[in-house]
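Visitor: Numbering (UniProt numbering), first residue to last: 1 to 217. Take this structure, written in structure tokens, and hold onto it; I'll ask about it next.
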Ligand SMILES: N[C@@H](CCC(=O)N[C@@H](CS)C(=O)NCC(=O)O)C(=O)O
């Protein structure tokens, strides 16, 4: 079964798919995309959003990272599942993964794109969301229990972006959410995560360049 991933190294969404593939032991071809000059393959495989990541399985595209992670979980079901087996727990996992997209990614973006009041609002919203996630994690090792699962995979890529958020926003996530940072470090002890998540310095360097290109420096 041929698997290809259209992706960019620093994409938090792409990192999710890479972690899921690693968790399931799926061999795949990695294809780095230039998002400023999108190639025909990306445009053909994701004509709706024209974004990475796109998982291509036997020639057919699966777009949107959370959908791709669920697809991987369903197809490679010979390995332990990433989502809980109980339908209610599965619904809860999907809720929190969506929460990451809506309430972590968007305020996080404001920390390196905005100034003044908008930046402060972004920081406050981000910390509020991370504290909610910390509460949901509670005393568990991982969001769904004692092993890495779907919600962990949805959130952990943002750890590599936190350093950029903190540097441009001039605040400390660890000071506000120490248990969540401890969870990040626990996740990184999993090979699937350490092999897939970009180095925070690489993401920071990417953001420095992007801010210059966007005229934000
Ligand atoms: N909701 C999408 C978000 C994907 C996304 O925003 N990808 C970015 C890279 S991190 C992208 O391809 N941007 C190119 C563009 O917006 O033109 C997912 O979960 O896969």
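We treat Cβ as the ideally placed atom computed from N, Cα and C, and that holds for glycine. Quantities reported herein were computed from a predicted structural model and do not represent experimental measurements.
(1) Assuming residue 149 and residue 143 are in contact, meaning their beta carbons sit under 8 Å apart, how far apart are those beta carbons, in whole angstroms?
(2) Just checking my contact of residue 134 with residue 180 at CB under 8 Å: how many whole Å lie between their CB atoms?
(3) Can you tell me whether DSSP reads residue 31 as helix, strand or coil?
(4) Going by DSSP, what residue range makes up the beta strand (DSSP E) through residue 5?
(5) With a floor of 3 residues, list each beta strand (DSSP E) that falls wholly inside the region 28-93, ordered by position along the chain.
(6) Sort 122, 123 and 152 by Cα distance to residue 136 and report the nearest one.
(7) For the alpha helix (DSSP H) holding residue 175, just list the boundary residues, first then last.
(8) Would residue 83 be called buried (16 or more neighbouring beta carbons within 10 Å of its own) or exposed?
(9) Between the region 53-60 and the region 91-102, do three or more beta carbon pairs fall short of 8 Å?
(10) Where does residue 146 land, buried or exposed, given buried means 16+ other C-beta within 10 angstroms?
(11) Within 8 Å: the Cβ of residue 65 and any heavy atom of ligand 1?
(12) CB residue 39 to CB residue 33, shorter than 9 Å?
(13) Leaving out five residues on either side along the sequence, give the residues of the same chain with a beta carbon under 8 Å from the beta carbon of residue 202.
(14) Should residue 75 and residue 16 be called a contact, given that it needs their Cβ atoms to be closer than 9 Å?
(15) Let me make sure I understand the geometry here. Which of 48, 27 and 52 has the alpha-carbon closest to that of residue 36?
(16) Whose C-beta lies closer than 8 Å to the C-beta of residue 31 among residues of the same chain, with five residues either side of it excluded?
(17) Run the proximity test for residue 8: is its beta-carbon closer than 8 Å to any non-hydrogen atom belonging to ligand 1?
(18) For residue 205, which of helix, strand or coil comes out of DSSP?
(19) What does a CB cutoff of less than 8 Å around residue 119 pick up in its chain, not counting 5 residues either side in sequence?
(20) Drop a sphere of 10 angstroms on the beta-carbon of residue 13, count the other beta-carbons inside from all chains shown, and report buried for 16 or more, exposed for fewer.
(21) Here's the rule I'm using: 16 or more other beta-carbon atoms within 10 Å means buried, otherwise exposed. How should residue 48 be labelled?
Guide: Well, looking at it:
(1) Start at 1 with the first residue of the chain shown, and residue 149 comes out as number 149. Start at 1 with the first residue of the chain shown, and residue 143 comes out as number 143. Sure, about 6 Å apart at Cβ, within 8 Å.
(2) Walking along the chain shown from the start, residue 134 turns up at place 134. Walking along the chain shown from the start, residue 180 turns up at place 180. Correct: roughly 5 Å between the Cβ atoms.
(3) Within the chain shown, residue 31 is the residue found at index 31, counting from 1. Residue 31 falls in the strand class under three-state DSSP.
(4) Here residue 5 refers to the residue found at position 5 of the chain shown. Start and end: 3-7.
(5) 29-32, 54-57 and 60-63
(6) Indexing the chain shown from 1 puts residue 136 at position 136. Measuring from the Cα of residue 136, the nearest candidate turns out to be 152.
(7) Position 175 of the chain shown, counted from the first residue, corresponds to residue 175. Note, residue 175: alpha helix (DSSP H), 173-176.
(8) Locating residue 83 in the chain shown gives position 83, where the first residue counts as 1. Burial call: buried.
(9) no
(10) By 1-based counting over the chain shown, the position of residue 146 is 146. Flag for residue 146 reads exposed.
(11) Against the chain shown, residue 65 aligns to sequence position 65. Yes, Cβ of residue 65 sits closer than 8 Å to a heavy atom of ligand 1.
(12) By one-based count along the chain shown, residue 39 stands at place 39. By one-based count along the chain shown, residue 33 stands at place 33. Cβ atoms of residue 39 and residue 33: closer than 9 Å.
(13) Numbered from 1 along the chain shown, position 202 holds the residue referred to as residue 202. Only 9, 10 and 160 meet the Cβ criterion.
(14) In the chain shown, residue 75 corresponds to position 75, counting from 1. In the chain shown, residue 16 corresponds to position 16, counting from 1. No, the pair does not count as a contact, with Cβ atoms beyond the cut-off.
(15) The residue given as residue 36 occupies position 36 in the chain shown. Of the listed residues, the one whose Cα sits closest to residue 36 is 52.
(16) Within the chain shown, the letter at position 31 stands for residue 31. 4, 5, 6, 7 and 41, listed in sequence order.
(17) For the purposes of this step, residue 8 is taken as residue 8 along the chain shown, with counting starting at 1. Correct: residue 8 has its Cβ closer than 8 Å to ligand 1.
(18) In the chain shown, counting from the first residue as 1, residue 205 sits at position 205. Here residue 205 sits in helix by DSSP.
(19) Position 119 of the chain shown, counted from the start, is the residue given in the question as residue 119. Hits under 8 Å: 110, 111 and 169.
(20) Indexing the chain shown from 1 puts residue 13 at position 13. It is buried - the Cβ of residue 13 has at least 16 other Cβ atoms within 10 Å.
(21) As a first step, residue 48 must be located in the chain shown, where it is residue number 48. Residue 48 should be labelled exposed.
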